[in-house]
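In full-length UniProt numbering, the protein residues as written are 1 to 169. Just so you know, even glycine gets a beta-carbon here, dropped at the ideal spot from N, CA and C.
Structure representation (structure tokens):
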């Protein structure tokens, strides 16, 4: 199910707010699309019916800021230090309401770091969550600019089976 259909199904309102028309920066588009889909999917998953998800994007001299904020259940304070680790989930009970393997945020963090970015989490543990991705505000140059395509070189990265499974589904 697409993110749009998922949001419609749960009656979640998604608002995109940006002053940036188009910004071509040096990042792996496919990798960052996957990261954004994971963040949006999580925001929708953990937001109650008729809730809201806000996506905001702006730029400064150094960074492109991408913020995904929801008014869902939040991430408990005690979980926030480990939430980017593989297989970590807020609710580990057999009766949990939300499905998932617990590697989505790990993939998001890896994609952001491979693109020389940073990711931050803000949640009071009860009332929504905000993730902010910072990507370097670097323009494409040379051959990359001609193709408008930039790919992160992942040839030297060692992946575990769980990473490969998730990345190539």
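About 19 Å separates the CB atoms of residue 75 and residue 134; that is not less than 8 Å, and the two are not in contact.
In the structure shown, residue 25 adopts extended strand secondary structure according to DSSP, grouped into three states. Counting the other Cβ atoms within 10 Å of the Cβ of residue 127 gives fewer than 16, which makes it exposed. Rounded to whole angstroms, the separation of the alpha carbons of residue 49 and residue 70 is 12 Å. Spatial neighbours of residue 46 in its own chain (CB-CB distance under 6 Å, excluding positions within 5 residues in sequence) are listed in chain order as 72 and 73.
In summary, residue 24 is exposed, with fewer than 16 beta-carbon neighbours lying within 10 Å of its beta-carbon over all protein chains present. For residue 123, the closest of 117, 104, 116 and 83 by C-alpha to C-alpha distance is 83.
For residue 69, the uninterrupted beta strand (DSSP E) run begins and ends at 63–70, by DSSP. Residue 38 counts as buried, since at least 16 other C-beta atoms from the protein chains shown sit within 10 angstroms of its C-beta. Unbroken beta strand (DSSP E) stretches of 3 residues or longer found wholly inside the segment 108–135: 118–122, given in chain order. By the C-beta density criterion, residue 15 is exposed, having fewer than 16 other C-beta atoms within 10 angstroms. Judged by DSSP secondary structure, residue 5 falls within the alpha helix (DSSP H) whose first and last residues are 3–10.
Distance from the CA atom of residue 68 to the CA atom of residue 112, rounded to whole angstroms, is 14 Å. In this structure, 109 is the residue among 33, 63, 109 and 132 with its C-alpha nearest to the C-alpha of residue 85. For residue 44, the three-state secondary structure derived from DSSP is helix.
At a Cβ-Cβ threshold of 8 Å, residue 32 and residue 115 count as neighbours.
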